[in-house]
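Novice: Sharing a structure, written as structure tokens. Questions coming.
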Amino acid sequence: MTTNSSECLLSGIGNRTPKSWIVPVLFLGIGLGSSCSSPEAVADSSALFDAAQVTEDAGVQDASVDAAAPAGDSLPKGAVSYFNRKSCPDGWVPFAMGAGRSLVAAASPAAMMNTDGKPLLDGEDRLHAHTVNGSVTIPSVNYAGIAGEANHGVARAGTTAMTVVTGGASAGIPYVQLLACQKMAEPDLRQRPAASGMLMFFMTTECPLGWVAAGLSQGRFLVGKPDIGNAGQTFGGPPLAAAQPISHVHQISGTIKTTSHGIALASGGAAGNYAKDDSHRYQFATQAESVAMPSLQLRQCQKR
Amino acid sequence: MSVIPKPQHRLFTGLWYCASLLCAGLLLRAGNAAGDASGDADVPTSAVVFLGPDQTRCPTGFRLATEVAGRLVVAVANGDAVGKQIGTALESLEDRTHTHSFTTTVDLPYRSISAADGGNRQGAAAQRYIDGGISAPAASGLPFIQLMACVKQ
């Protein structure tokens, strides 16, 4: 219904013609919640027959209104939403900019439209690896002899760089693929307003009227609340920040078990700095690396 | 010439004015409660929305988005890709960890000694050594927030 019932009724009451009592007749006859007839029709209150005619007209109006029933939605233009459907609804277009990315509430106005990582392909479980700068330290033994040529069979003691290769691994971050669409149409104000507390992304720098900037979710990936658990809880790393890349490291540890090499000399003496045959423990951290979960930061607003 | 209304007529008119005001009040209340809106399409059908941190129930006309429970959402532009789930859903507040396989290689250089090979095997041979294993687990470092996710029906 496009007619404001209360305005219509009040205008009818304001018509102080001698037969203005027909106004309540119309409303009581039509019933609460039915369409208000036009002011002109209400003013034309010459007879009860007329009133019946107006009622019929009102029904026709309802029919015509139904024919042009609201087809849009009340969300503001510029809204960006996920959909579990194959195509965008009327008034919305695919949000290509976000394809392959998870939408994140911008941590700051300056972070709007910031992207991180390459978009995921359909069904991609992205892998990452780490570079490592490691070394192992081998203690020394001495021989009762002279250092120098020409036996090259024994290793040198001390710290030696290692070459470390890590395999690619998924971070195991689970996700579901949903269609993302951007609203291009103006809001249909005949529709019910969005529910209070609803979050919505926007391609605007400011939140629309009736919406306020989301707080706790800023700079965080949104996870659907599992069956067991409470909503509104944060976990993981600190919120995204422009100058703070999100990364992680792993500890690497192991043992180098050397092979002995026999020398025809007694132990001890002046010839030192030869590697001891033993099991040698090493431990170090990988270089920091991102799991490359691609994101796009947008303004996120919450309905008042 | 002034017309003096009949008492009955005046009473009848007065009653209807009262009825009018009553109707007006009821309609105003109804209008305000519905936001003067006739449609229930606050968002389009199948829209998947998150709710603010203090929201614990889906709004009227929505169902719980079980397909999003324990998962991030990745946007796609291709309808055929919609609905695919990758990975195992997170438990509540689970900061999932992962590991990497690794291989280490070290070449221990020789240190010369003026002696023949013999029976003292205290020294390690100068050669390439290879080791490998699994790294310690680590979380991604990504920041998360778990929120109610609902689907418009």
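Sequence lines, in order, name chains D and E. For the first sequence, my numbering gives the first residue as 1022, with consecutive numbering after it. For the second sequence, my numbering gives the first residue as 72, with consecutive numbering after it. Beta carbons are placed, not taken as given, at the ideal position from N, Cα and C, and that holds for glycine. Just so you know, these numbers come straight off a predicted model, no measurement behind them.
Does the Cβ of LYS148(E) have 16 or more other Cβ atoms within 10 Å, making it buried, or fewer, making it exposed?
Specialist: Numbered from its first residue, the second sequence carries residue 148(E) at position 77. The sequence given here has Ala at residue 148(E), not Lys. Classification of ALA148(E): buried, given that the 10 Å Cβ count is 16 or more.
Novice: Are VAL144(E) and LEU1243(D) touching if we call contact CB-CB under 9 angstroms?
Specialist: Residue mapping note: residue 144(E) aligns to position 73 of the second sequence, counting from 1. Residue mapping note: residue 1243(D) aligns to position 222 of the first sequence, counting from 1. For VAL144(E) and LEU1243(D), yes; Cβs fall inside 9 angstroms.
Novice: For LEU1286(D) and ASN191(E), I'd like the C-alpha separation in whole angstroms.
Specialist: As a first step, residue 1286(D) is located in the first sequence; it is residue number 265 there, counting from the start. As a first step, residue 191(E) is located in the second sequence; it is residue number 120 there, counting from the start. Using only the alpha carbons, I get a separation of about 6 angstroms.
Novice: Hey, would you say VAL1312(D) sits closer than 9 angstroms to GLY154(E), going by beta carbons?
Specialist: Position 291 of the first sequence, counted from the first residue, corresponds to residue 1312(D). Position 83 of the second sequence, counted from the first residue, corresponds to residue 154(E). Contact flag unset, no.
Novice: Interface residues of chain D around GLN224(E) at Cβ under 9 angstroms?
Specialist: Residue mapping note: residue 224(E) aligns to position 153 of the second sequence, counting from 1. Those do not exist, as GLN224(E) stays about 11 angstroms from chain D at its closest Cβ, beyond 9 angstroms.
Novice: Measuring alpha carbon to alpha carbon, tell me which of ALA1120(D), GLY1231(D), PHE1116(D), ASP1111(D) ends up nearest PRO1140(D).
Specialist: Stepping through the first sequence from its first residue, residue 1140(D) is reached at position 119. Of the candidates ALA1120(D), GLY1231(D), PHE1116(D), ASP1111(D), the one whose C-alpha sits nearest the C-alpha of PRO1140(D) is ALA1120(D).
Novice: So which residues of chain E does LEU1237(D) contact, with C-beta pairs closer than 7 angstroms?
Specialist: The count along the first sequence starts at 1 and reaches residue 1237(D) at position 216. Here the neighbours are PRO124, ILE216.
Novice: Assuming GLN193(E) is part of the beta strand (DSSP E), what are its boundary residues?
Specialist: Counting from 1 along the second sequence, the entry for residue 193(E) is found at position 122. GLN193(E) -> beta strand (DSSP E) spans 191-195.
Novice: Taking 8 angstroms as the cut-off, is the beta-carbon of ALA1132(D) closer than that to any non-hydrogen atom of the ligand MN?
Specialist: This structure lacks the ligand MN, and indeed carries no ligand of any kind.
Novice: DSSP beta-bridge partners for CYS19(E)?
Specialist: Because residue 19(E) is not part of the residues shown, which for chain E are 72 to 224, the question remains open.
Novice: So, does the CB of ALA105(E) fall closer than 9 angstroms to a CB anywhere in chain D?
Specialist: Here residue 105(E) is taken as the residue at index 34 of the second sequence, counted from 1. Confidence at ALA105(E) is low in this model, with a pLDDT of 39, below 50, so the placement of that residue is unreliable and no value is reported for it.
Novice: Under 9 angstroms, Cβ to Cβ, is there at least one residue of chain E near GLU1145(D)?
Specialist: In the first sequence, counting from the first residue as 1, residue 1145(D) sits at position 124. Yes - at least one Cβ of chain E is within 9 angstroms of the one on GLU1145(D).
Novice: Can you give me, in chain order, the residues of the region 165-183 of chain E that have a beta carbon less than 9 angstroms from any beta carbon in chain D?
Specialist: Listed by position along the chain: GLU165, ASP166, ARG167, THR168, HIS169, THR170, HIS171, SER172, PHE173, THR174, THR175, THR176, VAL177, ASP178, LEU179, PRO180, TYR181, ARG182, SER183.
Novice: What residue from LEU135(E), PRO130(E), GLY158(E), ASP125(E) has the CA that sits closest to TYR1196(D)'s CA?
Specialist: Working through the first sequence from its first residue, we reach residue 1196(D) at position 175. Ranking the options by Cα distance to TYR1196(D), first place goes to GLY158(E).
Novice: Within 9 angstroms (strictly less), CB to CB, does ASN1251(D) reach chain E?
Specialist: By 1-based counting over the first sequence, the position of residue 1251(D) is 230. Yes, contact with chain E.
Novice: Measuring CB atoms only, is the region 121-135 of chain E touching the region 1242-1257 of chain D, in the sense that at least three cross pairs come out at less than 8 angstroms?
Specialist: In short, these stretches touch, since the Cβ pair count reaches three.
Novice: Return the chain-ordered list of same chain residues with a C-beta closer than 6 angstroms to the C-beta of THR1152(D), the five sequence neighbours on each side being excluded.
Specialist: As a first step, residue 1152(D) is located in the first sequence; it is residue number 131 there, counting from the start. Only GLN1308 meet the Cβ criterion.
Novice: Taking only the alpha-carbon atoms, compute the straight-line gap between SER1129(D) and VAL1114(D) and give it to the nearest angstrom.
Specialist: One-based indexing of the first sequence puts residue 1129(D) at position 108. One-based indexing of the first sequence puts residue 1114(D) at position 93. Straight-line Cα distance between these residues: approximately 26 angstroms.
Novice: Chain D partners of ARG142(E), CB-CB under 7 angstroms?
Specialist: Here the question's residue 142(E) lines up with position 71 in the second sequence. Result: PRO1195, TYR1196, VAL1197, VAL1244, GLY1245.
Novice: Just tell me which of PHE1222(D), ILE1167(D), ALA1215(D), GLY1257(D) has its CA closest to the CA of ILE1284(D).
Specialist: Here residue 1284(D) refers to the residue found at position 263 when the first sequence is read from its first residue. That would be ILE1167(D), whose Cα lies nearest to the Cα of ILE1284(D).
Novice: Is ASP1146(D) closer than 9 angstroms to ALA152(E) when the C-beta atoms are compared?
Specialist: Counted from its first residue, the second sequence places residue 152(E) at position 81. Counted from its first residue, the first sequence places residue 1146(D) at position 125. Against a cut-off of 9 angstroms, the Cβ pair of ASP1146(D) and ALA152(E) comes out as no contact.
Novice: Can PRO1208(D) and SER1095(D) be called in contact, C-beta distance under 9 angstroms?
Specialist: Counting from 1 along the first sequence, the entry for residue 1208(D) is found at position 187. Counting from 1 along the first sequence, the entry for residue 1095(D) is found at position 74. Closer than 9 angstroms, so yes.
Novice: Among residues of its own chain, excluding the 5 on either side of MET219(E), which ones have a beta-carbon nearer than 6 angstroms to its beta-carbon?
Specialist: Within the second sequence, the letter at position 148 stands for residue 219(E). Here the set comprises LEU122, GLN126.
Novice: Measure from the alpha carbon of THR170(E) to the alpha carbon of each residue in LEU1200(D), LYS1324(D), GLY1188(D), then state which is nearest.
Specialist: Your numbering for residue 170(E) matches position 99 in the second sequence. Of the listed residues, the one whose Cα sits closest to THR170(E) is GLY1188(D).
Novice: Measure the alpha-carbon distance for TYR1303(D) versus ALA1178(D) and round it to whole angstroms.
Specialist: Counting from 1 along the first sequence, the entry for residue 1303(D) is found at position 282. Counting from 1 along the first sequence, the entry for residue 1178(D) is found at position 157. When rounded, the distance between both Cα atoms is 14 angstroms.
Novice: May I ask you to verify whether the region 1226-1236 of chain D touches the region 177-190 of chain E, counting CB pairs closer than 8 angstroms and requiring at least 3?
Specialist: Verdict: no, contact absent.
Novice: CB-CB under 6 angstroms to HIS1149(D), same chain, minus the five flanking residues each way: which ones, in chain order?
Specialist: If you number the first sequence from 1, residue 1149(D) lands on position 128. Excluding sequence neighbours, HIS1149(D) sits near GLU1310, VAL1312, ALA1313.
Novice: Going by DSSP in three states, GLY1155(D) sits in which element: helix, strand or coil?
Specialist: Position 134 of the first sequence, counted from the start, is the residue given in the question as residue 1155(D). Residue state, collapsed to three classes: strand.
Novice: Suppose the cutoff is 6 angstroms on Cβ atoms and the five residues either side in sequence are ignored; what does the same chain contact list for ALA1176(D) look like?
Specialist: Residue 1176(D) sits at position 155 when you count from the first residue of the first sequence. The residues are ALA1296.
Novice: Any beta carbon from chain E within less than 9 angstroms of LYS1139(D)'s own beta carbon?
Specialist: Reading the first sequence from its first residue, position 118 is the one you call residue 1139(D). Not an interface residue.
Novice: Could you pull the start and end residues of the beta strand (DSSP E) that TYR181(E) belongs to?
Specialist: For the purposes of this step, residue 181(E) is identified with residue 110 of the second sequence, where counting begins at 1. Unbroken run through TYR181(E): none, as it is neither H nor E.
Novice: Could you tell me the alpha carbon to alpha carbon distance between CYS1228(D) and THR1181(D), rounded to whole angstroms?
Specialist: In the first sequence, the residue the question calls residue 1228(D) occupies position 207. In the first sequence, the residue the question calls residue 1181(D) occupies position 160. Their Cα atoms are separated by approximately 58 angstroms.
Novice: Of all the residues that make up the region 185-200 of chain E, which are near chain D by a beta-carbon distance shorter than 9 angstroms?
Specialist: Correct list: SER185, ALA186, ALA187, ASP188, GLY189, GLY190, ASN191, ARG192, GLN193, GLY194, ALA195, ALA196, ALA197, GLN198, TYR200.
Novice: Alpha carbon to alpha carbon, what distance is there between SER206(E) and SER1274(D)?
Specialist: Residue numbering aside, residue 1274(D) sits at position 253 when the first sequence is read from its first letter. Residue numbering aside, residue 206(E) sits at position 135 when the second sequence is read from its first letter. Using only the alpha carbons, I get a separation of about 7 angstroms.
Novice: Any idea what DSSP makes of THR137(E), helix, strand or coil?
Specialist: Counting from 1 along the second sequence, the entry for residue 137(E) is found at position 66. Correct three-state label for THR137(E): helix.
Novice: Count the other CB atoms, across all protein chains shown, that sit within 10 Å of the CB of GLY1236(D); report buried if there are 16 or more and exposed otherwise.
Specialist: Position 215 of the first sequence holds residue 1236(D). It is exposed - the Cβ of GLY1236(D) has fewer than 16 other Cβ atoms within 10 Å.
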